[in-house]
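Student: Each residue of the sequence shown is one higher than the one before, counting from 197 in full-length UniProt numbering. A virtual CB, placed ideally from N, CA and C, is assigned to each residue, including glycine. These figures come from a predicted structure and were not determined experimentally. What follows is a single structure, and I will ask about it in a moment.
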Amino acid sequence: LQKDLQKSEQLRVVSELAASVAHEVRNPMTVARGFIQLIHSRSDLSENEKQYLLLTISELDRAQSIISDYLSLAKPEIKVNKPVNVFKVLDKVRHTIQAYALMNNVKLDMEVPKNITILGKEQELTQVILNLAKNGIESMENSGTLTLSAKENKDHVDITITDTGVGMSKEQLKQLGNAYYTTKEKGTGLGLMISYNIIHSWGGDIYVKSKLGAGTSFTIHLPNLCDNFEDLESILSNNIS
Ligand code: ADP
Ligand code: MG
Numbered sequence: 197l198q199k200d201l202q203k204s205e206q207l208r209v210v211s212e213l214a215a216s217v218a219h220e221v222r223n224p225m226t227v228a229r230g231f232i233q234l235i236h237s238r239s240d241l242s243e244n245e246k247q248y249l250l251l252t253i254s255e256l257d258r259a260q261s262i263i264s265d266y267l268s269l270a271k272p273e274i275k276v277n278k279p280v281n282v283f284k285v286l287d288k289v290r291h292t293i294q295a296y297a298l299m300n301n302v303k304l305d306m307e308v309p310k311n312i313t314i315l316g317k318e319q320e321l322t323q324v325i326l327n328l329a330k331n332g333i334e335s336m337e338n339s340g341t342l343t344l345s346a347k348e349n350k351d352h353v354d355i356t357i358t359d360t361g362v363g364m365s366k367e368q369l370k371q372l373g374n375a376y377y378t379t380k381e382k383g384t385g386l387g388l389m390i391s392y393n394i395i396h397s398w399g400g401d402i403y404v405k406s407k408l409g410a411g412t413s414f415t416i417h418l419p420n421l422c423d424n425f426e427d428l429e430s431i432l433s434n435n436i437s
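Structure representation (structure tokens):
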């Protein structure tokens, strides 16, 4: 038991460290990208030199996508389950992806009741929804609608992200969640893998429905409802022990 505890404590420390490194590393990378762009606009560069600078920018962008697929809004946070308001998380994601949606001519819709609460980790849930929403937007090349919705059922909550994008074939669906599976030129193939991992670690699941040429919907199925006093009491006592 002592060994297990040590291990999970180590894991916690390492993942918090990773999260804060990701957060801190973004600013210097943005500054570096800015200076490279500045040099790229000089008129006395050879074609080769310009090409190298463009390659550098595209590699920096790739590093940024890896960070954002893994740990976008990551800040060091103690990892215990807490009541999480689903509307708040979806609204935050909507805010974060607004500019990206606009850039891709995508309309954002939200159909979410304000009072759904689940038991989990807000930052991780935000990361999962962000990954699914980003994929949705990226599946719509010129215009479409991305809908974020949530529904509370008797013993679970469903959060659904629907797009009107390119859709996927049966063969593509089978590959979802495999590390490094991507069909995008600048994809990481990590977003879904990390999302499945997070939701499975909570005892939940992710279901996909998709039709080629019509669109896709991803549903996050979460059993951890938190809507009564007993749940809250057990959270409090868990956090203490
Ligand atoms: P990435 O976005 O970097 O490619 P992901 O793990 O997020 O990696 O997604 C893996 C692949 O799954 C994508 O490249 C794409 O082919 C497919 N995919 C995921 N979501 C959708 C979607 N909403 N519509 C169509 N294809 C999708
Ligand atoms: Mg992705």
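Leaving out five residues before and five after glutamine 202 in sequence, what residues of the same chain have Cβ atoms less than 8 Å from its Cβ?
Tutor: Excluding positions up to five away in sequence, the list is empty.
Student: Using a threshold of 7 Å, is the CB atom of aspartate 265 nearer than that to any non-hydrogen atom of the ligand MG?
Tutor: True, at least one ligand heavy atom lies under 7 Å from that Cβ.
Student: DSSP state of alanine 270, grouped into three classes?
Tutor: Reliability of the predicted coordinates at alanine 270 is poor, the pLDDT of 49 falling under 50, and the value obtained from them is presented with this limitation in mind. Three-state result, alanine 270: coil.
Student: Taking DSSP's pairing of strands, which residues face residue 438 in a bridge?
Tutor: In the structure as shown, the chain starts at 197 and stops at 437, and residue 438 therefore has no counterpart that could be examined.
Student: If you compare alpha carbons, which of Glu320, Ala259, His291, Lys382 is closest to valine 276?
Tutor: Selected option, being the one with the closest Cα: Glu320.
Student: What separation, rounded to the nearest whole angstrom, lies between the Cα atoms of serine 261 and threonine 384?
Tutor: The alpha-carbon atoms of serine 261 and threonine 384 are separated by roughly 7 Å.
Student: How far does the beta strand (DSSP E) with leucine 372 in it extend, from its first residue to its last?
Tutor: Leucine 372 -> no beta strand (DSSP E), and no H or E assigned at all.
Student: Given the structure, does glycine 399 come close to the ligand ADP, in the sense that its CB is under 7 Å from one of the ligand's heavy atoms?
Tutor: Glycine 399 Cβ: outside cutoff for every heavy atom of the ligand ADP.
Student: Provide the residue span of the beta strand (DSSP E) that contains valine 280, from first to last.
Tutor: Where valine 280 is concerned, the enclosing beta strand (DSSP E) stretches over 278-281.
Student: In the DSSP output, which residue or residues are listed as bridge partners for aspartate 359?
Tutor: Per DSSP, Leu342, Thr412.
Student: Starting from the Cα of lysine 310, find the closest Cα among Thr292, Lys303, Leu286 and give me that residue.
Tutor: Cα-wise, what sits closest to lysine 310 is Leu286.
Student: Using the C-alpha atoms, what's the distance from leucine 388 back to serine 369?
Tutor: For the sequence presented, residue 369 should be read as leucine rather than serine. Distance between the alpha carbons of leucine 369 and leucine 388 is about 12 Å.
Student: Between which two residues does the beta strand (DSSP E) carrying glycine 387 extend?
Tutor: Segment 387-397 is the alpha helix (DSSP H) holding glycine 387; no beta strand (DSSP E) there.
Student: Below 8 Å on the Cβ atoms is my contact criterion, and I expect threonine 252 with valine 302 to pass it. Report the Cβ-Cβ distance as a whole number of Å.
Tutor: Contact doesn't hold; Cβ gap of about 30 Å is too wide.
Student: Return the CA-CA distance between tyrosine 392 and serine 239, expressed in angstroms with no decimal places.
Tutor: Cα-Cα distance, rounded: 48 Å.
Student: Counting only beta-carbon separations shorter than 8 Å, does histidine 219 have a partner in chain D?
Tutor: As a matter of chain content, chain D is missing from the structure shown, which is built from one protein chain.
Student: Can you give me the C-alpha to C-alpha distance between residue 138 and phenylalanine 231, rounded to a whole angstrom?
Tutor: A question about residue 138 goes unanswered here, because the residues of the chain that appear run from 197 up to 437.
Student: For asparagine 406, which residues of its own chain have a beta-carbon under 7 Å away from its beta-carbon, when the five flanking residues on both sides are left out?
Tutor: As written in the sequence, residue 406 is serine, which differs from the asparagine given in the question. Contacts found: Gly363, Met364, Leu369, Thr412.
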